[in-house]
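Protein chains in written order, with this note's numbering: chain C, 7 to 238; chain B, 2 to 242; chain V, 22 to 253.
Positions of the beta carbon are idealized from the N, C-alpha and C atoms, including for glycine.
Quick caveat: nothing in here was measured; it's all calculated off a predicted structure.
Here is the structure we will look at, set down as structure tokens.
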Amino acid sequence: MQSKPIALKILDVVSIIVLGISTYLALVFAPKELVMGDVQRVFYFHIGTAWTALLGFILAAVFSVIFLITKNLKWDRLQVAAIEVSLVFFLITIVLGSIWARPAWNTWWTWDPRLTTAAVTELIYIAYFMLRQGIDEPEKRARFGAVYALVGGISAPITFFAIRLFRTIHPVVIGGSNAAAQGGFNMTPDMLVAFFFALFAFTLVFVDLFWNRLRLGDLQDKVEQLKLKVTM
Amino acid sequence: MANTLRSITTIEKHSNVKPSFLRAVFAVVWKDIQAEFRSLELVSAMLVFSMLVIIIFNFALNLDIKMRQTVTAGVLWTTFAFAGTLGLNRSMAIEKDRGCLDGLLLAPVDRSAIYFGKAISNLIFMLIVEVIVLPVYSVLYSTNLFKPGLLLVILLGSIGYVGVGTLLATMSVQTRTRDILLSILLFPVVLPVLLPAIIASNGFLEGVEIADILFPIGLLVAYDVIFIAVSFMVFDSVVEE
Amino acid sequence: MITVKKLVKRFGLKTVLRGVDFEVQPGEFVALLGPNGAGKTTFLRILASLSRPTLGEVNIAGYQLPDQAAQVRARLGVVSHLPLLYGDLTAEENLRFYGRMYGLTDLEQRITEVLEMVGLETRRRDLVRTFSRGMQQRLAIGRAVLHDPDVVLFDEPYTGLDQDASSMLDEVLKTVAAKGRTVVMTSHDLARAEDLATRFDILSRGVIAATATPRQLKKSNLLSFYKESLLA
Chain C
7 MQSKPIALKI
17 LDVVSIIVLG
27 ISTYLALVFA
37 PKELVMGDVQ
47 RVFYFHIGTA
57 WTALLGFILA
67 AVFSVIFLIT
77 KNLKWDRLQV
87 AAIEVSLVFF
97 LITIVLGSIW
107 ARPAWNTWWT
117 WDPRLTTAAV
127 TELIYIAYFM
137 LRQGIDEPEK
147 RARFGAVYAL
157 VGGISAPITF
167 FAIRLFRTIH
177 PVVIGGSNAA
187 AQGGFNMTPD
197 MLVAFFFALF
207 AFTLVFVDLF
217 WNRLRLGDLQ
227 DKVEQLKLKV
237 TM
Chain B
2 MANTLRSITT
12 IEKHSNVKPS
22 FLRAVFAVVW
32 KDIQAEFRSL
42 ELVSAMLVFS
52 MLVIIIFNFA
62 LNLDIKMRQT
72 VTAGVLWTTF
82 AFAGTLGLNR
92 SMAIEKDRGC
102 LDGLLLAPVD
112 RSAIYFGKAI
122 SNLIFMLIVE
132 VIVLPVYSVL
142 YSTNLFKPGL
152 LLVILLGSIG
162 YVGVGTLLAT
172 MSVQTRTRDI
182 LLSILLFPVV
192 LPVLLPAIIA
202 SNGFLEGVEI
212 ADILFPIGLL
222 VAYDVIFIAV
232 SFMVFDSVVE
242 E
Chain V
22 MITVKKLVKR
32 FGLKTVLRGV
42 DFEVQPGEFV
52 ALLGPNGAGK
62 TTFLRILASL
72 SRPTLGEVNI
82 AGYQLPDQAA
92 QVRARLGVVS
102 HLPLLYGDLT
112 AEENLRFYGR
122 MYGLTDLEQR
132 ITEVLEMVGL
142 ETRRRDLVRT
152 FSRGMQQRLA
162 IGRAVLHDPD
172 VVLFDEPYTG
182 LDQDASSMLD
192 EVLKTVAAKG
202 RTVVMTSHDL
212 ARAEDLATRF
222 DILSRGVIAA
232 TATPRQLKKS
242 NLLSFYKESL
252 LA
């Protein structure tokens, strides 16, 4: 029986610490934003989870290609772990975004391009799991999953760019003209610290969860193997 | 019994197996059209369903004549999107159920011939339905839908829809959850087709400047090209073991 | 004609074929017997190029699977227990379709020849969905030999046929085999296999457990040979 590798145990601890620090930075250290008030603090976690989730989805598409070429099931396990963690992180992104939206735009949700794309993307990856669920054979499951993650991964950015040029009320925080009018804001140095640290923290947490999930998948496979041996 | 069987000695050996990609694609398309004309299963189901959807929209949206103009494009594309899944599902289910997919795979041609063949026949059926729905809608709602630009958009949109749909239907028909799964897989991924199609359709219907419609049309073309390319490249992985 | 060396097939963690060695000379008629779950259908699917080997070598008519699969398919005919026919097309339309897929020249003449061979010439313009199971099976065999393959594979061809239909199938099978074609047939029907085959192989638990020729067995000893091989 393998026990958790030391590196992973350390990462677990470090992740929790880093997350704690990030929380402090976001909730206490960063200054209160002028226009929106305290609710703006949600932004740090919102971006943290968003960026890692999107990276995760892109990685998953890359894993798809590698798997389809090499046919090595290891890449399938990597893909499942990546998508699962990204799915949850992105859900957090959407919920936090919604919480931020209520006081800032006076609505829980709008159908502007960025949010719509987010909802669609989330649905693509839920569909991914539903597809996998309907297939019993592991190799077929991996193949079909890879194909769909690839198709979905290509389609999501296109969805976004397809409507990017149309009006959006989503704040363009970095760059973009007329940011203030759209609810955007300029970040003070203290805010930048909290912001970048949040990015760092969530990347770490993502890697930690991803690694744990991967390990879980490997162990599940081993259990299946042992089960087969016993029934022979 | 024996005299209904021909003597074998008169049959010569045929070394004339010359598989051709185009011939195979055409064979699949023709086979689908022949079979469909006998039963009219697909087209009739898609047509009836389309009519029902349009009727439901009529009540659901409860529009006055002015409002109808603005939603025509949306209603049409929603109808086509839903009806399309019926056709896609059935088209691939026919292959799967009698093991015919194996029959297709046994042919000594590249697998993508199967993809293109099925995609083309799926497209033809979808276009047939659309061509019938348009005039009916025109009559029911006294709107003139015969703008050539609109027909172009419908063609481009359908191509993209069927291009991805054929791939995804081939997958979904091999799972336990089958029919339901296709809609769930297809709709999120086909939005980049539906959205520009609706915008462009609307543009043509409202007589907007051509320059403004060029961007959505360009997007449609780009999507069609990208997704047909991706689909036919990965199609092997979806049919072979 | 067919050479299989150490063929292994795994589905995920489950190993179905564990190193099958199998050789068939041109013109032989091999009956592949074995209990359900032994891997007969899996084995036949691999020979038919519908499934890829996990490990091992498969050579048919001088071509390697899976790399030269297209060349193999041109020389291979397959009859499965599913008809592989389109119910909404007539008998001749079905044959015409498959003929086109194989790129046959002289297609019309060939279709007539084949229809006569399987005794369905009078029903050529009838829809296949009006055919009985026996007739469908005969047409399926016609489809399989349309391109005059060197090797024909039959997977449980007698499934669901009554006595009359089975006798007719016997005749057709003999005709097919008589041309010097190589045939591999899986079947549960030991009596029929005894009549037709030049060799019997038993597939059990993923390997060829035993092999015998009719000369080595006296008539109606096939059953006892079968049972003994399974116990070994």
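For residue j and residue i, believed in contact at Cβ under 8 Å, the rounded distance
i	j	result
A69 of chain V	L107 of chain B	7 Å
D98 of chain B	S101 of chain V	Not confirmed; about 13 Å, so no contact.
L54 of chain V	L211 of chain V	7 Å
A36 of chain C	M197 of chain C	5 Å
S208 of chain V	E177 of chain V	6 Å
A198 of chain B	V154 of chain B	6 Å
Proximity winner among the options, relative to residue i (alpha-carbon distances)
i	options	result
G223 of chain C	C:L205, C:I89 and C:D44	C:I89
R219 of chain C	C:S161, C:S92, C:D44 and C:Q139	C:S92
V37 of chain V	V:E44, V:A52 and V:R73	V:R73
S28 of chain C	C:R147, C:P11, C:E39 and C:F49	C:F49
G201 of chain V	V:F43, V:D42, V:E44 and V:G48	V:G48
D18 of chain C	C:V213, C:L102 and C:K228	C:V213
E23 of chain B	B:I121, B:A46, B:L62 and B:G219	The sequence given here has Leu at residue 23 of chain B, not Glu. When each option's Cα is compared against that of L23 of chain B, the closest is B:I121.
F208 of chain C	C:I130, C:I98 and C:A148	C:I98
T55 of chain C	C:K38, C:Q226 and C:F206	C:F206
V194 of chain B	B:L220, B:Q35 and B:G150	B:L220
A114 of chain B	V:M122, V:G227 and V:K248	V:M122
D222 of chain V	V:E44, V:L97 and V:L28	V:E44
L146 of chain B	B:I129, B:G208 and B:R112	B:G208
G98 of chain V	B:I56, B:N63, B:A94 and B:L105	B:L105
Y247 of chain V	V:Q184, V:A52, V:T24 and V:Q158	V:A52
R145 of chain V	V:L217, V:E114 and V:A214	V:E114
L167 of chain V	V:A59, V:D185 and V:V139	V:V139
L74 of chain C	C:A200, C:F201, C:L215 and C:E145	C:E145
P189 of chain B	B:R177, B:V165 and B:A201	B:V165
V191 of chain B	C:G62, C:V157, C:V153 and C:D118	C:V157
I105 of chain C	C:R47, C:Q85, C:K80 and C:L137	C:R47
S143 of chain B	B:R39, B:Q70, B:N123 and B:S45	B:Q70
Neighbour flag for residue i against chain V, beta carbons, 7 Å
i	result
P11 of chain C	no
R39 of chain B	yes
S21 of chain B	yes
I76 of chain B	Here residue 76 of chain B is Val; the residue named in the question, Ile, does not match the sequence. Answer no: the Cβ-Cβ gap between V76 of chain B and chain V never drops below 7 Å.
Q85 of chain C	no
G223 of chain C	no
E242 of chain B	yes
Q226 of chain C	no
R112 of chain B	no
is_contact[residue i, chain B] using C-beta, thresh 7 Å
i	result
T165 of chain C	yes
Y107 of chain V	yes
V178 of chain C	Residue confidence is low: V178 of chain C scores 48 on pLDDT, short of 50, so the model does not pin down where it sits. Its coordinate-derived value is still stated next. By this cut-off, V178 of chain C is not an interface position.
P104 of chain V	yes
I68 of chain C	Residue 68 of chain C is actually Val in this sequence, not Ile. So no, V68 of chain C is outside the interface.
V126 of chain C	yes
L71 of chain V	yes
Cutoff 7 Å: residue i Cβ touching any chain C Cβ
i	result
V154 of chain B	no
F32 of chain V	yes
S143 of chain B	no
V190 of chain B	yes
The stretch 128 to 145 of chain B touching the stretch 74 to 83 of chain B, judged by at least three CB pairs closer than 8 Å: Enough Cβ pairs lie closer than 8 Å, so yes.
The stretch 188 to 203 of chain V in contact with the stretch 165 to 174 of chain V per 3-pair CB rule at 8 Å: The stretch 188 to 203 of chain V makes contact with the stretch 165 to 174 of chain V; the number of CB pairs closer than 8 Å reaches 3 or more.
The stretch 89 to 96 of chain B touching the stretch 147 to 160 of chain B, judged by at least three CB pairs closer than 8 Å: No: fewer than three Cβ pairs fall under 8 Å.
Given 8 Å, three or more beta-carbon pairs between the stretch 141 to 154 of chain V and the stretch 107 to 116 of chain V: Judged by pairs of C-beta atoms under 8 Å, the stretch 141 to 154 of chain V touches the stretch 107 to 116 of chain V, as three or more such pairs exist.
Cβ contact check for the stretch 137 to 156 of chain B and the stretch 166 to 178 of chain B: 3 or more pairs under 8 Å: The stretch 137 to 156 of chain B is not in contact with the stretch 166 to 178 of chain B.
Cβ-based contacts, 8 Å cut-off: residues of the stretch 128 to 162 of chain C near chain V: The residues in question are E143, P144 and E145.
At least 3 beta-carbon pairs within less than 8 Å: the stretch 66 to 77 of chain C vs the stretch 107 to 123 of chain C: No: fewer than three Cβ pairs fall under 8 Å.
Three CB pairs or more closer than 8 Å across the stretch 153 to 170 of chain C and the stretch 224 to 237 of chain B: For the pair of segments examined, the stretch 153 to 170 of chain C was found to touch the stretch 224 to 237 of chain B: the number of CB pairs separated by less than 8 Å reaches three.
Sufficient close CB pairs (3 or more, under 8 Å) joining the stretch 127 to 135 of chain V to the stretch 182 to 192 of chain V: Taking a cut-off of 8 Å on C-beta distances, the stretch 127 to 135 of chain V does not touch the stretch 182 to 192 of chain V, as fewer than three cross pairs fall below it.
Residues within the stretch 70 to 83 of chain C neighbouring chain B, beta-carbon criterion of under 7 Å: Along the stretch 70 to 83 of chain C, the positions whose C-beta sits under 7 Å from a C-beta of chain B are L74, read in chain order.
Three or more C-beta pairs below 8 Å linking the stretch 230 to 240 of chain B and the stretch 27 to 45 of chain V: In short, these stretches do not touch, since the Cβ pair count stays below three.
Residues of the stretch 92 to 110 of chain B with Cβ closer than 8 Å to any Cβ of chain V, in chain order: I95, R99, G100, C101, D103, G104, L105, L106, L107, A108, P109 and V110: these are the residues of the stretch 92 to 110 of chain B whose beta carbon lies less than 8 Å from some beta carbon of chain V, given in chain order.
Against chain B: residues of the stretch 119 to 134 of chain V by CB proximity under 9 Å: Across the stretch 119 to 134 of chain V, CB contacts with chain B closer than 9 Å involve Y119, G120, R121, M122, Y123, G124, L125, T126, D127, R131 and E134, in sequence order along the chain.
Members of the stretch 26 to 50 of chain B that neighbour chain V once the beta carbon cut-off is set at 7 Å: Considering only beta carbons, the part of the stretch 26 to 50 of chain B lying closer than 7 Å to chain V consists of A28, K32, Q35, A36, R39 and S40, in chain order.
Chain-ordered residues of the stretch 82 to 101 of chain V with a beta carbon less than 9 Å from chain B: Result list: P87, A90, A91, Q92, V93, R94, A95, R96, L97, G98, V99 and S101.
Residues, ordered as in the chain, of the stretch 192 to 221 of chain V that lie near chain B by beta-carbon distance below 8 Å: Across the stretch 192 to 221 of chain V, CB contacts with chain B closer than 8 Å involve E192, V193, T196, A199 and K200, in sequence order along the chain.
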